[in-house]
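Top to bottom, those sequences are chains E and R.
Following the UniProt record's numbering, the numbering of the first sequence begins with 1 at its first residue and continues without gaps.
Following the UniProt record's numbering, the numbering of the second sequence begins with 1 at its first residue and continues without gaps.
Cβ coordinates follow ideal geometry from the N, Cα and C atoms, glycine included.
Let me begin by presenting the structure, written as C-alpha cells, before commenting on it.
There are 2 protein chains.
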Amino acid sequence: MVSTARPNHHEDPDNSTGKGGIPASPRGGRPRSGEGKRRPTIVDVARAAGVSTAVVSYALNGRRGVAEVTRERVLRVADELGWRPATAARSLRAGPGAAALVAVHDGAAGSRAASTLDLVTAASEVLDDAGVTLAVHTAGTVEQAAHLMRRWWAERRYAGFVVTGLRSDDARLAALRHLPAPAVMVGDPSVPAPPAWRSVVFDDATAFAQVGEFLADLGHRRVAMLTGAEGLLATRRRATALAGALSKAGIDFDAVTGDGVDRAAAAVGSLLSSGSHPTAVVTDDDVTAGVVLDVARRLEIAVPWQLSVVAGTDAAACRLTTPSLTAVPYPVERLGQAVGQALLGVLRADGAPNEKAPPSVTVAAGGLVVRGSTAPPDPR
Amino acid sequence: MVSTARPNHHEDPDNSTGKGGIPASPRGGRPRSGEGKRRPTIVDVARAAGVSTAVVSYALNGRRGVAEVTRERVLRVADELGWRPATAARSLRAGPGAAALVAVHDGAAGSRAASTLDLVTAASEVLDDAGVTLAVHTAGTVEQAAHLMRRWWAERRYAGFVVTGLRSDDARLAALRHLPAPAVMVGDPSVPAPPAWRSVVFDDATAFAQVGEFLADLGHRRVAMLTGAEGLLATRRRATALAGALSKAGIDFDAVTGDGVDRAAAAVGSLLSSGSHPTAVVTDDDVTAGVVLDVARRLEIAVPWQLSVVAGTDAAACRLTTPSLTAVPYPVERLGQAVGQALLGVLRADGAPNEKAPPSVTVAAGGLVVRGSTAPPDPR
DNA sequence: TTGAAAGCGATACCAA
DNA sequence: TTGGTATCGCTTTCAA
C-alpha cells in the first residue's frame with residue numbers, strides 16, 4: 001500500500017514523470033518559450049523530501065502542525081531544487097497575492113512620476129516581508145485607470161489597489177466602490193471610506209498653514225499660490241490651508257492654476273508682470289518652483305528680495321537652484337511605508353469587519369525647510 | 001468506464017457544483033475580501049449561452065471552429081455577465097500573460113523615472129491589443145533587480161522582462177541568460193543576444209556624433225561632457241560617439257562623471273572654475289543640463305556666449321530654462337512602441353527559433369533641437 | 001462545430 | 001503530524 005500511494009491514474013509504474021529525466025515538453029500546456037529546464041513543482045519537492053505535497057505546502061507557508069525537522073528538510077530541499085510556488089496555481093485557490101497602483105500619467109504629471117516610484121519602493125519593502133507584491137501600471141486619464149482596475153478585478157488579477165492623486169469627482173472612487181475592491185487611498189482625508197478601504201493622509205494642510213504663517217511673519221502682504229492640475233484634491237487642500245492662515249493674518253491671497261510646466265510658466269509670467277505683483281509665490285511642486293525662479297530672473301525680479309518663492313514639494317533639485325528653494329518636506333519614504341502597512345491591512349481584512357486597524361493614518365509633513373528663496377519683502 | 005471518468009471520488013450525484021444557485025461562499029478557497037457578489041466563471045457563461053465551456057473559451061480567444069452566431073452569442077453573454085477570464089486559471093494552463101520591467105531606482109536616477117513610465121505607457125498601448133500587460137516594479141540596485149526577476153521567473157509570475165539602463169557587467173544579463181527568460185533589452189546594441197532576446201536600440205550614438213559636429217562647426221575647441229552614472233553603457237556610448245566626432249575635427253575633449261544632481265553640481269563647478277574651462281558642455285540628461293546653467297550663472301559665465309550647453313535628453317523643462325536648452329530629442333513614444341512590439345515578438349517565440357523577427361530594432365534620435373543655449377564661442 | 005473531461009500546480013480539508 | 005485528494009477556473013485534446 002505504500003508504493004501505490006501515488007495518485008497516478010493511468011497505470012504507469014515507474015515511468016511517467018518520475019525517472020529524474022527531464023521531459024522536453026510536459027504533456028500538458030506548452031511551456032512558454034525559454035524551453036530547456038522544466039521548472040520543479042511542489043510534487044518534485046515532496047518526492048525529494050519524502051513527504052506529501054500537503055506537508056510541503058504547510059512547511060512553506062509556515063503553518064503549525066509540521067515537525068520542525070520535517071519543515072527544515074522540506075525547505076532545504078525546496079531551496080536546493082530552486083522551487084518557488086507558482087503564482088498562478090496559488091492564486092487560483094487562495095486569491096491573488098498582488099496589488100496594483102495605476103498611475104495617472106498625463107503629460108502634466110511628469111514630475112510626480114519620480115515620487116510615485118519612490119513611494120512604491122518604500123511600500124514594497126514593507127510588503128515583501130508579507131509576500132505581497134505591488135505593481136505599477138500607467139493610464140492616461142482617471143477614466144482609463146478606473147477601466148483598468150475594473151477589468152483587473154474581474155480577472156482576479158489583483159487583490160487590491162492603491163490610488164494616488166485623487167481628483168474631485170474621481171471616476172476611480174466610484175469604480176472601486178462598486179467592485180468592491182480593497183483599496184488604499186493616498187493623500188486625502190476627505191474621502192468617505194467603505195470598510196474595505198484605508199487611507200494614508202499626507203498632512204500637507206498643516207504644513208501649508210505653516211507656510212502661510214511663515215510668510216506673514218516675514219512681513220509679506222500679498223501672496224499667491226500657483227496650483228497644479230485643476231481637479232486635484234491635494235492642491236486644492238493646500239491652497240485652502242494656505243489661504244486660511246493668510247487670511248487670519250489679514251493678508252491678500254490669490255490662487256492661479258498652472259497645470260503643466262508650459263501653462264505654469266505662462267501663469268507665472270502674467271502674475272509677475274502685473275504692476276503690483278505678489279511678494280511671495282508658493283507652488284505645488286519643485287519643478288514649478290524652478291519655473292518661477294526662471295521667470296522671475298527673466299523679468300529681473302530679484303529672488304528672494306523682491307520675490308520669495310516656496311516649493312510645495314521638496315526634492316533634490318530644490319537644493320541646487322540659485323537661490324536654493326525653501327520647501328515643504330515631502331516624506332515619500334514614510335508615506336510609502338504607511339501605504340504598505342495599510343495595504344496589508346485591507347488585504348488581510350478578509351471580510352472581517354472587526355479588524356481593529358485604523359481606517360486612516362496620517363503622515364506629518366514636518367517643518368518647512370528654509371533655504372535661500374525666502375526673505376522679508378523689499379520695503380520699497 | 002465512461003461514466004466513471006469523473007474524478008469525483010465521493011459519490012455525489014447531481015449536487016456538487018451544478019444547481020445554478022449562487023453559493024454565498026463556495027466550498028473551496030475563501031474568496032478574499034470584497035465578499036458579496038461572486039464573480040462569474042466560464043461555467044456561468046457557458047450555461048447562460050447554452051454551450052460548453054470549451055466553446056466559450058474558443059470564442060473568447062478568437063479561435064476558428066466556432067460558428068459565427070455562436071461566437072457572437074457567447075461574447076454577448078459574457079459581456080452581459082461582466083465575465084473576464086481569471087488570470088490565475090488561464091496562466092496555470094497557458095503560462096503567464098504578463099511581462100515586467102524592473103526599474104533600477106537608485107537616488108541618482110530620479111529624472112529617469114518619468115521617462116520610464118512614459119516608455120511603459122507607450123509600450124502598453126501596443127501590448128494591450130495583444131492581451132499582454134506590462135507591470136513596473138522597482139529595485140534599489142541591479143543585483144536586487146536580478147534577484148526579483150529570478151524569483152518571479154521561478155514563480156512563473158511573468159513571461160518575460162524588459163531591461164533598461166544597462167550597465168557594464170550587468171548582473172541582470174547573467175540572471176536572465178541563466179533562467180533563461182525572454183527579454184527585451186532597451187538602449188544598447190552591444191549586448192550579445194540569445195535567441196530569446198530582442199533589443200531595442202536607441203541610436204543616440206549617431207545623435208551625439210552630430211552634436212560633436214555641430215559644436216565643431218560653431219567653432220568650439222574645448223568641449224566637455226558631463227556623464228551620468230559610472231557603469232551605464234548608454235552614457236559611455238554617448239561619450240565615445242561625441243569624442244569620436246570631436247577628435248575627427250581635432251578638438252579637445254574631456255569627460256567628467258557627475259552621478260546624481262549633487263555630484264553633478266560639484267563636477268560642473270570644478271570644471272568651470274578652472275582657468276581655461278571648456279567653451280561647451282554636453283550632458284546626459286535634462287536635469288543635469290539645468291544644473292550646468294545654474295552653476296554657470298553663479299560663476300557669471302554667460303550662456304551661450306561664454307559657454308554653450310547641450311542637454312543629452314530633451315524634455316519639457318528644456319524649453320523653459322533661460323536660455324532654453326539645445327537638446328538631443330528623446331523619442332520615448334517610439335521607443336515604447338518598439339519595446340511593445342519586441343516584447344510581443346519574444347513572448348510569441350514559443351521555442352520557435354525560425355521566427356523571422358529581427359533581433360534588434362533601431363530607433364533614431366532625430367536631429368538636434370537647437371535652442372538658445374548654444375552659440376559660437378566668445379572669441380576673446 | 002460542439003461536448004466531455006484531463007490536466008495545469010498549488011491549498012486545505014478530512015482521515016489516518 | 002502526515003497523507004490522500006477535491007478544488008480553484010481555465011485551456012486543450014479527443015470524440016462525437
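Within 8 Å, strictly: CB atoms of residue i and residue j
i	j	result
R:Asp204	R:Ala365	yes
R:Ala234	R:Asp188	yes
R:Leu299	R:Ala280	no
E:Val69	E:Val56	no
E:Val282	E:Val162	no
R:Ala78	R:Leu60	yes
E:Ser199	E:Ala207	no
R:Ala239	R:Ala209	no
R:Ala374	R:Thr326	Position check: residue 374 of chain R holds Thr in this sequence, whereas Ala was assumed. Yes. Within cutoff.
E:Val201	E:Thr362	yes
E:Ala100	E:Ala135	yes
R:Asp378	R:Trp305	yes
E:Asp286	E:Gly228	no
residue 400 of chain E	E:Arg150	With chain E covering 1 to 380 only, the question about residue 400 of chain E has no answer from this structure.
R:Val191	R:Ala171	no
R:Pro278	R:Val303	no
E:Leu293	E:Val310	no
R:Thr121	E:His105	yes
Cβ shell of residue i (< 8 Å), same chain only, five flanking positions each side left out
i	result
E:Gly97	Thr87, Arg90, Ser91, Gly131, Val132, Thr133 and Ala159
R:Thr276	It should be noted that the sequence gives Ser, not Thr, for residue 276 of chain R. Excluding sequence neighbours, R:Ser276 sits near Arg222.
Residue from the options with nearest C-alpha to residue i
i	options	result
E:Thr257	E:Ser247, E:Val268, E:Gly250 and E:Ile251	E:Val268
R:Gln341	R:Val104, R:Ala123, R:Leu117 and R:Ala49	R:Ala123
E:His137	E:Ala154, E:Leu117, E:Leu127 and E:Ile251	E:Leu117
E:Arg236	E:Leu166, E:His277 and E:Arg263	E:Leu166
R:Leu173	R:Glu155, R:Ala349 and R:Ala196	R:Ala196
E:Gly82	E:Thr374, E:Ile301, E:Arg38 and E:Met225	E:Arg38
E:Val370	E:Gly231, E:Leu335 and E:Val211	E:Val211
R:Leu343	R:Glu125, R:Leu75, R:Ala249 and R:Ala103	R:Glu125
Through-space distance from residue j to residue i, alpha-carbon basis
i	j	result
R:Ser247	R:Phe253	7 Å
R:Val332	R:Leu119	6 Å
E:Gly219	E:Pro376	6 Å
R:Glu80	R:Asp129	21 Å
residue 392 of chain E	R:Asp314	Lying before the first or after the last residue shown, residue 392 of chain E is absent from chain E, which here runs from 1 to 380.
R:Ser274	R:Ala183	46 Å
E:Met225	E:Thr321	20 Å
R:Val66	E:Ile42	37 Å
E:Arg263	R:Pro329	22 Å
R:Gly28	E:Arg93	For R:Gly28, the pLDDT reaches just 35, beneath the cut-off of 50, and the residue's location in the model is therefore unreliable, although a value from the coordinates is still provided. If I take the Cα positions, the gap works out to 7 Å.
E:Gly345	E:Ala154	22 Å
R:Thr164	E:Ala114	16 Å
E:Val51	E:Arg71	10 Å
R:Gly260	E:Arg73	46 Å
R:Tyr58	R:Leu127	21 Å
E:Gly95	E:Arg156	7 Å
E:Gln144	E:Arg319	36 Å
E:Arg112	E:Leu335	14 Å
E:Pro180	R:Arg64	36 Å
Own chain residues within Cβ distance below 6 Å of residue i, not counting five before or after
i	result
E:Met1	Because E:Met1 sits at a pLDDT of 29, beneath the cut-off of 50, its placement in the model cannot be relied upon, and the following sentence gives the value as read from the coordinates. Nothing listed; no residue qualifies.
R:Ala241	Ala205, Phe208 and Ala209
R:Gly231	Arg167 and Ser168
E:Pro359	Ala193 and Arg198
R:Pro85	none
E:Ala243	Phe253
Same chain, Cβ closer than 7 Å to residue i, five either side skipped, listed in chain order
i	result
R:Val295	Ala265, Val268, Gly269 and Leu272
E:Arg30	At E:Arg30 the pLDDT is 40, less than 50, meaning the model places this residue with poor confidence; the figure from the coordinates comes in the next sentence. Within the same chain, E:Arg30 has no close Cβ partners at all.
R:Gly312	Arg238, Val282, Thr283, Asp284, Asp285 and Val328
inquiry  = Ignoring anything shorter than 4 residues, give me the alpha helix (DSSP H) runs that lie fully in the region 59 to 114 of chain R, in order along the chain.
reply    = 68 to 81 and 87 to 94
key: Runs of beta strand (DSSP E) lying entirely within the region 120 to 203 of chain R, each at least 3 residues, in chain order   = 133 to 139, 160 to 163, 183 to 186 and 197 to 203
request  = Can you check the region 217 to 279 of chain E for any alpha helix (DSSP H) of at least 4 residues that lies completely inside it and give the ranges in chain order?
outcome  = 233 to 248 and 260 to 273
query = Can you list the alpha helix (DSSP H) stretches of 4 or more residues lying completely in the region 290 to 334 of chain E, in chain order?
reply = 316 to 320
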